[in-house]
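Position one of the sequence shown corresponds to residue 360 (the numbering used here), numbered consecutively onward.
Note that CB positions come from ideal geometry on N, CA and C, so glycine has one too.
Source: prediction; values computed, not measured.
Below you'll find the structure, written out as structure tokens, and then a few comments.
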Amino acid sequence: MLGGLISFLGLTSCEDFLDADNKSAVTATEKFSTKEGFEQLVNQAYFTLDTVYEEPEIFCAGTDLYVGIRAAGDATLEGYTLTSDNTTVKALYTNLYAVVNAANAVLYFAGDCEEYTEKELRTEEARFIRAYAYFILSQHFGRVPVIKSYINTAETSYPRNTLVETYQFMIDELIELSNSTLLPASDKTGRASVQAAKALLAKVYLAAGWDLETTLTDAESGTFSINSSTYFNLAASTASEVANAVPLTLPFEEKWSPYNEQNEEVIFAIQLDRNSFLDKVEGGNSHQNNFGTYLGAVTLGMKFVDSDLNPTTKTYYLYEKGDLRYDATFMTTVYNYTNTWGSQGYWAHYNATSAEQANLGIAFYFPAWYVTDQEIADYQAANADRFVRGEAKNASQIIRTSDPVRWILYNADGTVSTDNEQNYLAALTRVGTIPPIKKFDDPATDVNAPTTNGGYRDFVLLHISDIYLVAAEAYLMAGDEGQSLNYLNQVRNRAGATQLTSFASYQRYDPDQFGYVSDDQNIDVILDERARELLGEYYRWMDLRRTRQLVKYNETWNVNFDISNMRGGDGNLKWLRPIPAVEISLNTGISPSDQNPGYTSETTE
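Encoded structure:
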């Protein structure tokens, strides 16, 4: 609950800065009245953002782009059988309000802190962090309590604000921060900036436009009406201002290179530095461990991949031949491994020289869906000696990412053992069926971090090509298709994708139709581009909810979806996450009738 739980979290986070034995009995007020203590408090507010992204499924599952296998992960999110007792939902709600309270703590203790040059700047950073938390809260939970003060009492009444009030609070805060004379114009060290405030403001305007200015007409077809374009125009002008300042000249592969983290396209990121952690093996995040099937054990030289969020066939087929983002997003070649961690096996892609790679065997080669049988045969002939196992630990495989999957398995002597086709979903139960997403790989991953939290890459929350696509979506919704295509094509141009002359000119390959198809609505074109550009980033569920495509896309592409599960006992569809049951039980400002639609028939003790 907010009254008890958030107070506990907030006070704990502050008291954690005090010495364990605290022989001088220093209070929080005394601690944070100094520059050193106050700076620690600000850093804690930034650090709490990391907890928000500990469960990737709540951002990605139950969409068109990912499917769970091996009974892994939270199936209730994928199948929409979740209830208000769902622990993943509760964790997101709790962690976001912990961020809010940590930011409010900065504002609260600022009044007692000694004067120093950066103090007022730090309060503006805290306001940005708080606005970011409310943005995520509003996208998942809709109406939420807007708490502007630090919780350090036993108060238990925190009513939900209206959606208009929630959006207006974020907008007012971010407009002021966008005009700040204290925040830097931009920042690459993980702190708030004017650029970050404007980028977030553009996303808030866009979401407000959808939530406040459109009406759903049919959930299963994803159709809607636009009642006003006020917020969409504001989103378009704000996003275009941010986008126009940073041309897309950085190659996509370099943008996501582990050796180029603080590049010109990063607007705001949770920064992780292995050297600053006491635990340098498993003290990081698990972003690199998602998005693919299990490749094999660490003893075989493989990166751990957990099979919770496997890209669907739609995901792979979205990439047309020549789109540079495919090879920059997926690990299409995995080298074989004998006994040298880091420079052999999966991580050789980063840590071995080109000459060293050429002498390594092939464990997995994943040609894309558009690679022909003849091209595969040519690859086999050119690399025949690299399929001879020798002392390597993995049998060589070539697996075309298509439906059906073409699977070629080699004997130890380099001859072909198996060459057959298998249904994509059935094939996912095998080890290493699909190329994992590599965008978040940490080449310094320790051999003793075999499962999760071994990655210390920065976690990017705002970046420039996302804002280009925000501009494209906003202009589309505001009725300016020409400008929408302009920003869409700039993203596609950097990727080497075909330029669109109109929304109607867009086509994608659909294996179920055995050919190219057009999308139903113009918004589908935007969503397809967001899928390609932002794959593996934690946007998709929010994107589908925002654009009113959540039901349509799940019915079409989520094999684990049944609309009867998405329709709650009250007859309403679950467009939002449930307010956690414990919040309703303990927050005297919220009653069971305040529960989100789709969950109001549940009883709350």
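Near N381, which residues of its chain fall below 6 Å by C-beta distance, leaving aside the five closest residues on each side in sequence?
-> Start at 1 with the first residue of the sequence shown, and residue 381 comes out as number 22. The pLDDT assigned to N381 is 41, lower than 50, so where the model puts this residue is not dependable; a value taken from the coordinates is nonetheless given after this. Contacts found: none.
Using three-state DSSP, classify L909 as helix, strand or coil.
-> Mapped onto the sequence shown, residue 909 falls at position 550. Reduced to three states, the DSSP call for L909 is helix.
Per DSSP, the bridge partner or partners of Q781 | Numbered from 1 along the sequence shown, position 422 holds the residue referred to as residue 781. Paired residues: V764.
Put P670 into one of helix, strand or coil per three-state DSSP.
-> Reading the sequence shown from its first residue, position 311 is the one you call residue 670. Note: P670 maps to strand in three-state DSSP.
Would you mind sorting A786 into buried or exposed? The rule is 16 or more other CB atoms within 10 Å of its CB.
-> On the sequence shown, position 427 is the one that residue 786 refers to. By the 10 Å Cβ count, A786 comes out buried.
Assigned exposure category for E477 - 16 Cβ within 10 Å defines buried = Residue 477 sits at position 118 when you count from the first residue of the sequence shown. E477 should be labelled exposed.
If you draw a straight line from the C-alpha of Y724 to the C-alpha of A740, how long is it?
-> Here residue 724 refers to the residue found at position 365 when the sequence shown is read from its first residue. Here residue 740 refers to the residue found at position 381 when the sequence shown is read from its first residue. Each residue's Cα considered, the two are about 14 Å apart.
Cα-Cα separation, E572 to T589 = Position 213 of the sequence shown, counting from 1, holds the residue named residue 572. Position 230 of the sequence shown, counting from 1, holds the residue named residue 589. If I take the Cα positions, the gap works out to 8 Å.
Rounded separation between F746 and S596 - CA only | Translated into the one-based positions of the sequence shown, residue 746 becomes position 387. Translated into the one-based positions of the sequence shown, residue 596 becomes position 237. For F746 and S596, the distance between alpha carbons rounds to 54 Å.
S776 (DSSP reduced to helix, strand or coil) = Here residue 776 refers to the residue found at position 417 of the sequence shown. If DSSP states are grouped into helix, strand and coil, S776 belongs with the strands.
Nearest candidate by alpha-carbon position, reference R748, set G773, I758, N742 | Working through the sequence shown from its first residue, we reach residue 748 at position 389. Per the Cα distances, G773.
Chain C within 9 Å of N917, Cβ atoms only = This model lacks chain C altogether; it includes just one protein chain.
Do you know offhand how far V503's Cα is from S952's?
-> Translated into positions along the sequence shown, residue 503 becomes position 144. Translated into positions along the sequence shown, residue 952 becomes position 593. V503 and S952: Cα-Cα distance of roughly 14 Å.
Grab me the residues of K673's own chain with a C-beta within less than 6 Å of its C-beta, minus the 5 sequence neighbours each way, in chain order.
-> Sequence index remark: in the sequence shown, residue 673 carries index 314 (1-based). The residues are D423, W916.
Pick helix, strand or coil for R341, following the three-state DSSP scheme.
-> An answer regarding residue 341 cannot be provided, because it is not within the stretch 360 to 964 covered by the chain.
Helix or strand or just coil, what does DSSP make of W934?
-> Stepping through the sequence shown from its first residue, residue 934 is reached at position 575. W934 falls in the coil class under three-state DSSP.
Quick one: grab the DSSP three-state call for T692.
-> Working through the sequence shown from its first residue, we reach residue 692 at position 333. Here T692 sits in strand by DSSP.
Three-state class that DSSP yields for S861 in the structure shown | What you label residue 861 is simply residue 502 of the sequence shown in a count that begins at 1. Of the three classes helix, strand and coil, the one that applies to S861 here is coil, per DSSP.
Coarse secondary structure for W700, derived from DSSP in three states | Reading the sequence shown from its first residue, position 341 is the one you call residue 700. DSSP places W700 in strand when its eight states are reduced to three.
Using the C-alpha atoms, what's the distance from F818 back to L408?
-> Here residue 408 refers to the residue found at position 49 of the sequence shown. Here residue 818 refers to the residue found at position 459 of the sequence shown. So the two alpha carbons sit approximately 10 Å from each other.
Kindly indicate which residue of L480, L821, D762 has the alpha-carbon position closest to the one of Y898.
-> On the sequence shown, position 539 is the one that residue 898 refers to. Nearest of L480, L821, D762 to Y898, Cα basis: L821.
Going by other Cβ atoms of all chains shown within 10 Å of its Cβ, with 16 needed for buried, is F873 buried or exposed?
-> Reading the sequence shown from its first residue, position 514 is the one you call residue 873. Classification of F873: exposed, given that the 10 Å Cβ count is below 16.
State yes or no: is the C-beta of Q647 within less than 9 Å of the C-beta of G813?
-> Residue 647 sits at position 288 when you count from the first residue of the sequence shown. Residue 813 sits at position 454 when you count from the first residue of the sequence shown. Yes, they are a contact pair.
What number of angstroms, rounded off, separates the C-alpha of A578 from the C-alpha of R867?
-> Within the sequence shown, numbered from 1, the residue matching residue 578 stands at position 219. Within the sequence shown, numbered from 1, the residue matching residue 867 stands at position 508. Near 23 Å, if we compare the C-alpha coordinates of R867 and A578.
Sort A469, V385, S645 by Cα distance to T410 and report the nearest one.
-> In the sequence shown, the residue the question calls residue 410 occupies position 51. Of the listed residues, the one whose Cα sits closest to T410 is S645.
Burial state of P606 (16 or more Cβ within 10 Å) = Taking the first residue of the sequence shown as position 1, residue 606 is located at position 247. P606 should be labelled exposed.
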